[in-house]
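**Student:**
Number of protein chains: 2
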Amino acid sequence: MDGLNMSRRIRRTPYTDRVEEAGVRGFSVVNHMLLPKAFGPTVEEDYWHLREHVQIWDVSVQRQVQIMGPDAAALVQWMTPRNISNAEIGDCFYIPIIDDKGGLINDPVMLKLAEDEFWLSIADSDVLLYAMGLALGRGMDVEITEPDVNPVAIQGPKAEDLLASLFGKKIRDIRFFKYDWIDFKGTRQLIARSGYSRQGGFEIYLRGGHLGPALWDSIWEAGQAFNITPGCPNLIERIEGGLLSYGNEFTRDNNPFEIGHGKYCTIDNSINYVGREALQTIALNGVSREIRGVAFDGGPCPTCSKAWPVMVGKTQVGSITSAIWSPRLKRNVGQSMINRGFWDPGQTVTVHSQEGSVRLGEISALPFA
Amino acid sequence: MDGLNMSRRIRRTPYTDRVEEAGVRGFSVVNHMLLPKAFGPTVEEDYWHLREHVQIWDVSVQRQVQIMGPDAAALVQWMTPRNISNAEIGDCFYIPIIDDKGGLINDPVMLKLAEDEFWLSIADSDVLLYAMGLALGRGMDVEITEPDVNPVAIQGPKAEDLLASLFGKKIRDIRFFKYDWIDFKGTRQLIARSGYSRQGGFEIYLRGGHLGPALWDSIWEAGQAFNITPGCPNLIERIEGGLLSYGNEFTRDNNPFEIGHGKYCTIDNSINYVGREALQTIALNGVSREIRGVAFDGGPCPTCSKAWPVMVGKTQVGSITSAIWSPRLKRNVGQSMINRGFWDPGQTVTVHSQEGSVRLGEISALPFA
Numbered sequence: 000m001d002g003l004n005m006s007r008r009i010r011r012t013p014y015t016d017r018v019e020e021a022g023v024r025g026f027s028v029v030n031h032m033l034l035p036k037a038f039g040p041t042v043e044e045d046y047w048h049l050r051e052h053v054q055i056w057d058v059s060v061q062r063q064v065q066i067m068g069p070d071a072a073a074l075v076q077w078m079t080p081r082n083i084s085n086a087e088i089g090d091c092f093y094i095p096i097i098d099d100k101g102g103l104i105n106d107p108v109m110l111k112l113a114e115d116e117f118w119l120s121i122a123d124s125d126v127l128l129y130a131m132g133l134a135l136g137r138g139m140d141v142e143i144t145e146p147d148v149n150p151v152a153i154q155g156p157k158a159e160d161l162l163a164s165l166f167g168k169k170i171r172d173i174r175f176f177k178y179d180w181i182d183f184k185g186t187r188q189l190i191a192r193s194g195y196s197r198q199g200g201f202e203i204y205l206r207g208g209h210l211g212p213a214l215w216d217s218i219w220e221a222g223q224a225f226n227i228t229p230g231c232p233n234l235i236e237r238i239e240g241g242l243l244s245y246g247n248e249f250t251r252d253n254n255p256f257e258i259g260h261g262k263y264c265t266i267d268n269s270i271n272y273v274g275r276e277a278l279q280t281i282a283l284n285g286v287s288r289e290i291r292g293v294a295f296d297g298g299p300c301p302t303c304s305k306a307w308p309v310m311v312g313k314t315q316v317g318s319i320t321s322a323i324w325s326p327r328l329k330r331n332v333g334q335s336m337i338n339r340g341f342w343d344p345g346q347t348v349t350v351h352s353q354e355g356s357v358r359l360g361e362i363s364a365l366p367f368a
Numbered sequence: 000m001d002g003l004n005m006s007r008r009i010r011r012t013p014y015t016d017r018v019e020e021a022g023v024r025g026f027s028v029v030n031h032m033l034l035p036k037a038f039g040p041t042v043e044e045d046y047w048h049l050r051e052h053v054q055i056w057d058v059s060v061q062r063q064v065q066i067m068g069p070d071a072a073a074l075v076q077w078m079t080p081r082n083i084s085n086a087e088i089g090d091c092f093y094i095p096i097i098d099d100k101g102g103l104i105n106d107p108v109m110l111k112l113a114e115d116e117f118w119l120s121i122a123d124s125d126v127l128l129y130a131m132g133l134a135l136g137r138g139m140d141v142e143i144t145e146p147d148v149n150p151v152a153i154q155g156p157k158a159e160d161l162l163a164s165l166f167g168k169k170i171r172d173i174r175f176f177k178y179d180w181i182d183f184k185g186t187r188q189l190i191a192r193s194g195y196s197r198q199g200g201f202e203i204y205l206r207g208g209h210l211g212p213a214l215w216d217s218i219w220e221a222g223q224a225f226n227i228t229p230g231c232p233n234l235i236e237r238i239e240g241g242l243l244s245y246g247n248e249f250t251r252d253n254n255p256f257e258i259g260h261g262k263y264c265t266i267d268n269s270i271n272y273v274g275r276e277a278l279q280t281i282a283l284n285g286v287s288r289e290i291r292g293v294a295f296d297g298g299p300c301p302t303c304s305k306a307w308p309v310m311v312g313k314t315q316v317g318s319i320t321s322a323i324w325s326p327r328l329k330r331n332v333g334q335s336m337i338n339r340g341f342w343d344p345g346q347t348v349t350v351h352s353q354e355g356s357v358r359l360g361e362i363s364a365l366p367f368a
């Protein structure tokens, strides 16, 4: 059973008409909005295409929380353990957002637009409401809105050539996790070298949803020379690449150290943020579980919609939360929180998938080789 | 295209296994969780059954935001314009939650469990993050959590008889929007006379998801004598009954007065809450649009997943956001914000539905007769 009942509450995007015309086979819902989840006949074909060519993805679900005003920088800093004082205009910063216990609320990309203006490009939780609560509670002088900004991703090894053909060679000068501005039909639009794949590419943060179909069409037309297809975040590529998904691999029950993001956390007292004391304690004591890859046998596994126990003998050492068959590695690959003591690559485990099978496997580093 | 891609991020409920066994035909996603959306062959058959018999609904998506501690009552009051000082333990209060501009953030049912303990049974937005932000920002002494509470609704004219047969005749003494406690397998469980239909019924706020299948089975078994079926909020019944849906009929762009909830708002200075000044200004100036019903011709209309213009001549006076064919009224019924000046029942309009047809109709009061 996999029908999705449509309603206005689950918002369409400026590209949904195009996505439907392109033959989308399924959606997910992120931030109260539609995210395309399947196009080609199989996820495998999409995967190979993404690795070799270029795809256009409707990622409007990456809503922007716009924080402006005299206290904007102070509020953003208060929301994250990452020191943002060295962020420059033109930077994209990956920032964990945590609660007072160190639990992860979201893991957005922060775009610094001006000294007093930021976008947080969010995963699936209402960061806007959290930010608004903090600001109202503390009486901070900020304006917090969800602007009419609708990201579209162009991903794959041919993305740069495609976009250079469309917007000029300045595209090639944009470095990873930096952004610049391009002209589209007389409007100034933000483009960043970023995206939810390991195959390279860009994201255009289109301001003005009414321009969506025209932008899609322009990219599509220019993309014909580069074998473009419609696509979406690819589960095989994401798991192989060790890209985590908020709500899947980690939730408010996890802290940044557990997902390998300790490197983004300032734990001394040089900056002030919600959850600093909790992170200091966690850093002192170490974590009892950490994210790892799990490679396992037994032919293509089913969809993982429940947590699958990862066992060492009779001891449960983790739970797989995303898994799929990798046609390249010719094994199943999954991601799991793994208990301390079982972290070493090569550690033998069994995986108990929801259709009832027990599969042999072992712990792997992330990303997979 | 209506496929829903399953993942752990879109959480299953304690009843999802049962719901699938019962032949669910579609889901929606609310609060990052699955809401069943169709069972019977048609929405019409479900509608007639709901009006005549009894149904069991998995409404676990109505997540509880639990607010406990010395400042709990002060925080809840700060979140809503409804005066909660007269709420007693055992009361359910419908409380609009608004932002500092008066825009609606959610419209939960508040259950007062103790002087220092509240549940907010929420519609589709992360009220937990908002409450947490307010509390952290203001330094309030509260603990805010999402407990393992999983509401199941028993709706329809036979709901009381069914539940009295299962839990005893004390069920009959529970008044509308009051709750009491029942014993289920040695656990104390909350039951309220409430639910998202106009056909009467109850909601059991099951504490302990592991008990979900057993509770479902108990109700199902006892329900055989009452012609029970699995069900879900029914779009025909909801629209006829004038029940609004956050994200569909109203969003943060709307204030409580626009959706007829001015009666819940205290606008004098006797209580202090976020958005009070904004509501005072709105109350002074009046609103420029209000929710109304629209009845319209032309045979069963398609699913409303985009806003449909409601016109008077060449002037757009509103947008229909939910609509469906009513087999009882033998017309289409919809809900729409309608501009001032066009509010009177009987006002002639045309409805421009997304498949391109223009249909004659008129404004109606809510609920429909």
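Protein sequence lines, in the order shown, are assigned to chains Y and U. Here the first sequence is numbered in numbering that gives the first Met the number 0, starting from 0 and rising by one per residue. Here the second sequence is numbered in numbering that gives the first Met the number 0, starting from 0 and rising by one per residue. Ideal placement from N, C-alpha and C gives every residue a C-beta, glycine not left out. Note that the structure is predicted; figures quoted are calculated from it, not measured.
#1: Is there at least one Cβ from chain U nearer than 7 Å to Y:Y129's Cβ?
#2: Suppose you measure from the CA of Y:L119 to the CA of Y:V151; what does that come to, to the nearest Å?
#3: In the segment 292 to 319 of chain Y, which residues sit with their C-beta less than 8 Å from some C-beta in chain U, listed in chain order?
#4: I need the straight-line Cα distance from Y:I337 to U:L33, nearest angstrom please.
#5: Which residues mark the beginning and the end of the alpha helix (DSSP H) in which Y:T15 is found?
#6: What span of residues does the alpha helix (DSSP H) with U:Q76 cover, start to end?
#7: Should Y:N253 be labelled buried (16 or more other beta-carbon atoms within 10 Å of its own) or exposed?
#8: Whose C-beta lies closer than 7 Å to the C-beta of Y:N105 among residues of the same chain, with five residues either side of it excluded?
#9: Would you give the residue range spanned by the beta strand (DSSP E) that Y:N271 belongs to?
#10: How about U:A294 and U:V332: do their beta carbons lie closer than 7 Å?
#11: Where do the ends of the alpha helix (DSSP H) carrying U:I153 lie?
#12: Suppose you measure from the CA of Y:P13 to the CA of U:I173; what does that come to, to the nearest Å?
#13: Measuring straight from C-alpha to C-alpha, what distance separates U:G355 and U:F249?
#14: Under 7 Å between beta-carbons, which chain Y residues line up against U:D98? List them in chain order, please.
#15: Ignoring anything shorter than 3 residues or poking outside the segment 155 to 223 of chain Y, list the beta strand (DSSP E) runs there in chain order.
#16: Anything in chain Y within Cβ reach of U:H31, meaning under 9 Å, just list it in chain order.
#17: Take Y:Y204 and list the residues in its own chain whose beta-carbon comes closer than 6 Å to its own, dropping the five residues that flank it on each side.
#18: Going along the chain, which residues of its own chain have a beta-carbon closer than 6 Å to the beta-carbon of U:V60, five neighbours each way excluded?
#19: Can you name the residues of chain U whose CB is closer than 9 Å to the CB of Y:A72?
#20: Got a sec, what are the start and stop residues for the beta strand (DSSP E) Y:D45 sits in?
#21: Measuring only the C-alpha atoms, how far is Y:G136 from U:L74?
#22: Using a C-beta cutoff of 7 Å, does U:L135 count as contacting chain Y?
#23: With burial defined as no fewer than 16 other Cβ atoms inside 10 Å of the residue's Cβ, what is the status of Y:V23: buried or exposed?
#24: Quick check: the segment 195 to 215 of chain U against the segment 229 to 241 of chain U, are at least 3 beta-carbon pairs closer than 8 Å?
#25: Compare the C-alpha of U:W77 against each of U:G240, U:R62 and U:M131 and name the closest.
#26: Quick check on DSSP: helix, strand or coil for U:Q353?
#27: Measure the alpha-carbon distance for Y:R339 versus Y:P301 and round it to whole angstroms.
#28: Using a Cβ cut-off of 7 Å, pull out every chain U residue sitting near Y:I104, in sequence order please.
#29: Our contact map puts Y:S352 next to Y:G292 with C-beta atoms below 8 Å; I'd like the distance itself, whole angstroms only.
#30: Would you say U:V141 faces chain Y, with C-beta separation under 7 Å as the test?
#31: From the beta carbon of Y:V60, is the nearest beta carbon of chain U less than 7 Å away?
#32: Mind reading off the beta-carbon distance from U:G274 to U:P80? Whole number of angstroms is fine, and I expect it under 8 Å.
#33: Please list the terminal residues of the continuous beta strand (DSSP E) segment that includes Y:R288.
#34: Just verifying my parser: in three-state terms, what is the DSSP assignment at Y:A364?
#35: Under 8 Å by Cβ, that's how I've got Y:A282 and Y:I270 pegged, so tell me the actual separation to the nearest angstrom.
#36: In terms of residues, what are the limits of the alpha helix (DSSP H) holding U:A134?
**Tutor:** Reading from the atomic positions:
#1: In the first sequence, the residue the question calls residue 129 of chain Y occupies position 130. Interface annotation, Y:Y129: in contact with chain U, CB-CB separation under 7 Å.
#2: Position 120 of the first sequence, counting from 1, holds the residue named residue 119 of chain Y. Position 152 of the first sequence, counting from 1, holds the residue named residue 151 of chain Y. The alpha-carbon atoms of Y:L119 and Y:V151 are separated by roughly 16 Å.
#3: So the list reads T302, C303, S304, K305 and A306, given in the order they occur along the chain.
#4: Working through the first sequence from its first residue, we reach residue 337 of chain Y at position 338. Working through the second sequence from its first residue, we reach residue 33 of chain U at position 34. Approximately 27 Å between the Cα atoms of the pair.
#5: The sequence position of residue 15 of chain Y within the first sequence is 16, counting from 1. First-last of the alpha helix (DSSP H) with Y:T15: T15 to E20.
#6: Looking up residue 76 of chain U in the second sequence gives position 77. It spans A71 to M78 - the alpha helix (DSSP H) in which U:Q76 sits, taken as one unbroken run.
#7: Here residue 253 of chain Y refers to the residue found at position 254 of the first sequence. Counting Cβ neighbours within 10 Å, Y:N253 comes out buried, since at least 16 surround it.
#8: For this step, residue 105 of chain Y is matched to residue 106 along the first sequence. Apart from sequence neighbours up to five positions away, the residues of its chain that approach Y:N105 with a beta-carbon distance below 7 Å are I96, I121, A122, S124, V126 and Y245, ordered along the chain.
#9: Residue 271 of chain Y sits at position 272 when you count from the first residue of the first sequence. Where Y:N271 is concerned, there is no enclosing beta strand (DSSP E), given that its DSSP letter is neither H nor E.
#10: For the purposes of this step, residue 294 of chain U is taken as the residue at position 295 of the second sequence. For the purposes of this step, residue 332 of chain U is taken as the residue at position 333 of the second sequence. Their beta carbons are under 7 Å apart, which means U:A294 touches U:V332 by this criterion.
#11: Stepping through the second sequence from its first residue, residue 153 of chain U is reached at position 154. Here U:I153 belongs to no alpha helix (DSSP H); instead the beta strand (DSSP E) covers V148 to Q154.
#12: Translated into positions along the first sequence, residue 13 of chain Y becomes position 14. Translated into positions along the second sequence, residue 173 of chain U becomes position 174. Taking the straight line from one Cα to the other gives about 48 Å.
#13: Mapped onto the second sequence, residue 355 of chain U falls at position 356. Mapped onto the second sequence, residue 249 of chain U falls at position 250. Rounded to the nearest angstrom, the gap between the Cα atoms of U:G355 and U:F249 is 24 Å.
#14: Residue mapping note: residue 98 of chain U aligns to position 99 of the second sequence, counting from 1. Listed along chain Y are M131, each with a C-beta nearer than 7 Å to that of U:D98.
#15: Runs of the beta strand (DSSP E) spanning 3 or more residues and lying entirely within the segment 155 to 223 of chain Y occur at 178 to 183, 186 to 191 and 200 to 206, in chain order.
#16: As a working note, residue 31 of chain U is residue 32 in the second sequence. V28, D123, S124 and G246, listed in chain order.
#17: Within the first sequence, numbered from 1, the residue matching residue 204 of chain Y stands at position 205. Excluding sequence neighbours, Y:Y204 sits near V148, P150 and L189.
#18: Here residue 60 of chain U refers to the residue found at position 61 of the second sequence. Setting aside the 5 residues that flank it on each side, U:V60 is surrounded in the same chain by V29, N30, M32 and L34, each with a C-beta closer than 6 Å to its C-beta; the list follows chain order.
#19: On the first sequence, residue 72 of chain Y is found 73 positions in, with the first residue counted as 1. Chain U residues near Y:A72: none, gap ~16 Å exceeds 9 Å.
#20: For the purposes of this step, residue 45 of chain Y is taken as the residue at position 46 of the first sequence. From DSSP, Y:D45 is part of no beta strand (DSSP E) but of the alpha helix (DSSP H) over V42 to E51.
#21: Start at 1 with the first residue of the first sequence, and residue 136 of chain Y comes out as number 137. Start at 1 with the first residue of the second sequence, and residue 74 of chain U comes out as number 75. Put simply, the backbone Cα of Y:G136 is about 10 Å away from that of U:L74.
#22: In the second sequence, the residue the question calls residue 135 of chain U occupies position 136. Using a Cβ-Cβ cut-off of 7 Å, U:L135 counts as an interface residue toward chain Y, since at least one Cβ of chain Y sits closer than that to its own.
#23: Within the first sequence, residue 23 of chain Y is the residue found at index 24, counting from 1. The Cβ neighbour count for Y:V23, taken over all protein chains shown within 10 Å, is at least 16; the residue is labelled buried.
#24: With a cut-off of 8 Å on Cβ pairs, the segment 229 to 241 of chain U is in contact with the segment 195 to 215 of chain U, counting three or more such pairs.
#25: The residue you call residue 77 of chain U lines up with position 78 of the second sequence. Nearest C-alpha to U:W77: U:M131.
#26: Counting from one through the second sequence, the residue named residue 353 of chain U turns up at place 354. Coil, per DSSP.
#27: Here residue 339 of chain Y corresponds to residue number 340 of the first sequence, with the count starting at 1. Here residue 301 of chain Y corresponds to residue number 302 of the first sequence, with the count starting at 1. Going from the Cα of Y:R339 to the Cα of Y:P301 covers about 27 Å.
#28: Translated into the one-based positions of the first sequence, residue 104 of chain Y becomes position 105. Taking a Cβ-Cβ threshold of 7 Å, the residues of chain U close to Y:I104 are L128, in chain order.
#29: Reading the first sequence from its first residue, position 353 is the one you call residue 352 of chain Y. Reading the first sequence from its first residue, position 293 is the one you call residue 292 of chain Y. Not quite, the Cβ-Cβ distance comes to about 16 Å (not below 8 Å), so this is no contact.
#30: For the purposes of this step, residue 141 of chain U is identified with residue 142 of the second sequence, where counting begins at 1. Taking CB atoms only, U:V141 has no neighbour in chain Y less than 7 Å away.
#31: Locating residue 60 of chain Y in the first sequence gives position 61, where the first residue counts as 1. Y:V60 does not count as touching chain U.
#32: By 1-based counting over the second sequence, the position of residue 274 of chain U is 275. By 1-based counting over the second sequence, the position of residue 80 of chain U is 81. Contact flag correct, Cβ pair sits at about 7 Å.
#33: Reading the first sequence from its first residue, position 289 is the one you call residue 288 of chain Y. Residues R288 to F295.
#34: Taking the first sequence and counting its residues from 1, the one referred to as residue 364 of chain Y is at position 365. When secondary structure is reduced to three states using DSSP, Y:A364 falls in the coil class, being assigned neither helix nor strand.
#35: Locating residue 282 of chain Y in the first sequence gives position 283, counting from the first residue. Locating residue 270 of chain Y in the first sequence gives position 271, counting from the first residue. Not quite, the Cβ-Cβ distance comes to about 14 Å (not below 8 Å), so this is no contact.
#36: Residue mapping note: residue 134 of chain U aligns to position 135 of the second sequence, counting from 1. From DSSP, the alpha helix (DSSP H) with U:A134 extends over V126 to R137.
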